[in-house]
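Heads up: the structure comes next, in structure tokens.
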Amino acid sequence: MPGYYIHIPFCRSRCHYCDFTSYADKKIKIDSYLKALEAEFKLADILSKLKSQNSNNKSQINSKISKSQTLKFLNIKLKKLNKTLNSHNLLPKACRLSPIVFDTCSLRGVHSKPSKAQSTLYIGGGTPSFLSVKQLHKLLEIINLHLGPIKKFKEITFEANPDSLSMEKIKILKNGGINRISLGLQTANDKLLNKLGRNARLSDFTKAYSNLKTAGFKNINIDIMCGIPGQTLQDLKETLFHIIKLNSAHVSIYGLEIHKGTVFYKKKIKPDGDMAFEMYETARKTLTKAGYEHYEISNFAKKGYQSKHNMNYWQNGEYIGFGCSAASYLNGTRSKNTKNLSSYISSSLKNKPLLEYSETLSGKEKLGEQIILGLRTKKGIVLDDHIFIKFKDNIERLLNLGLIAIALPPAYRLTGDLKIQKSRYTGQAGGRVKTGRLKIKPKHFYISNRIFSEFV
Ligand code: SF4
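Residues in the sequence shown are numbered consecutively from 4, following the numbering used here.
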């Protein structure tokens, strides 16, 4: 089932390291943005209805008429459908050329609405909690109206910053069906928070966290950072100690990266790679010892609290993004909405969603991407003949460097020099595909980019 993502690109101010799509001086545009979001949801709604109508017709005729009759009928239906869509200016140009494209292109920007029974919803940003009480009500209302009852999603995450998460907003979220909160702490050291350009201080975080618990939220993620300029190992240990004491369900840890255009970049601040590595290792060991499972490079969870939404990304599952700069992956096509706020609002309100890019991967490239995503997780990826044929040399190189752990499918064995030998070809046996698993050893997660480079 695809996951749903909604981007809220507004913040009180810009943190000094931030290169996410967020605007600090556009509070005035939030109401129009919500209208534009609603317009984008509506398009998904229309598409969903048209598509399900089309597939109903397809299944009815399949049982009654011949293949050629089916194709003729289908083409008429698809032409009609395209006409309808074109009249709403719904389709990107490349998707309007032939009726057959309805079956083969992703229709990004005009997604059909899939079933939600098993879906996840993630409201991220920016700072979604920066919305006012009234705007928050509006956001939940339009989600309920166009994407279906929020409570039907199996996991609904809402990103928040402690300085904009009042008890009143927390109650709205709880009553509205949100069941997971991702709270940005970054560090428990106020001086470092100031250095990062963050608005909240530790006391704000402690208050917001306690309010969330009082309101009944059990599934809370805390974001922290390592490699902050001036941060010592002791600072990080104190942050970890704080989190462990709170017993939060989930922790995400990110190493500071310096991106072009940020305050840190302009100040020519450079992250200390060696220190960041030591901190990451300390966090990994400390959190694991405290009962968190290190289930993905940057993510740690108490039993039963892995992020379902993000697991879908790492398992190469489909997702649909709404809003400025939101990314989508459907039918093998990756795409992204424009990150320009004004362009997003005006195009969406005119029912002409604007894409920044769209690409459909295939062959080795697509397989490589799937491997890279899967290797981010502790479970790794399932190995099959397909992967061996395309990446045997790369896997052997990583094996020789000791960077990966491998459980070979029964049809394969390792020779003394760690060469993979295919002892016999069985392919399918007893109706079951014989597979093994490929994983990054947790102690090498930190250099995962080196490992990923083998699959690009
Ligand atoms: S709160 Fe998050 S999105 Fe907003 S400026 Fe800071 S890092 Fe960027």
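In this text, a Cβ means the ideal position worked out from N, Cα and C, and glycines have one as well.
Fair warning: this is a prediction, and the values are worked out from it, not measured in the lab.
According to the DSSP assignment, residue 302 belongs to no alpha helix (DSSP H) but to the beta strand (DSSP E) extending over 302 to 304. Residue 330 is bridged by DSSP to 339. Judged by DSSP in its simplified three-state form, residue 178 adopts helix. Listed in chain order, the non-local C-beta contacts of residue 145 below 8 Å within the same chain comprise 37, 40, 41 and 44, local neighbours out to five positions each way being set aside. No heavy atom of the ligand SF4 is found nearer than 6 Å to the CB of residue 366.
Using a Cβ-Cβ distance cut-off of 8 Å, the stretch 200 to 211 and the stretch 145 to 156 are not in contact, since fewer than three pairs of beta carbons, one from each stretch, lie closer than that value. Taking the Cβ atoms as the reference, residue 283 lies roughly 31 Å from residue 26, outside the contact range of under 8 Å.
Boundaries of the alpha helix (DSSP H) around residue 279: 276 to 292. Just so you know, the alpha carbons of residue 6 and residue 160 end up roughly 11 Å apart. Inclusion of residue 185 and residue 133 in the CB contact set at 7 Å is not warranted, their separation being larger than that value. In its chain, beyond the 5 residues on either side, 186, 188, 246, 251 and 254 have a beta carbon closer than 6 Å to the beta carbon of residue 225. For the pair residue 170 and residue 398, the Cα-to-Cα distance works out to about 51 Å.
C-alpha of residue 199 to C-alpha of residue 12: approximately 19 Å in a straight line.
In this structure, the C-beta of residue 160 stays at least 6 Å away from each heavy atom of the ligand SF4.
For the pair residue 447 and residue 406, the Cα-to-Cα distance works out to about 6 Å.
The continuous beta strand (DSSP E) containing residue 385 extends over residues 384 to 386. Cβ neighbours of residue 367 within its own chain (closer than 7 Å, five residues either side excluded): 393. If the five residues before and after residue 174 are omitted, its C-beta is found closer than 7 Å to the C-beta atoms of 218, all from its own chain and listed in chain order.
A direct Cα-Cα distance of roughly 34 Å separates residue 17 from residue 335.
Checking the 6 Å criterion, the Cβ of residue 129 is within range of a heavy atom belonging to the ligand SF4. DSSP places residue 256 in the strand class (E or B) of the three-state scheme. The straight-line gap separating the alpha-carbon atoms of residue 457 and residue 378 is approximately 12 Å. Assignment of residue 373 by DSSP, reduced to helix, strand and coil, places it in the helix class. DSSP, reduced to helix, strand and coil, places residue 138 within a helical segment of the structure shown.
Ranked by Cα distance from residue 181, the options 320, 126, 231 and 380 are led by 126.
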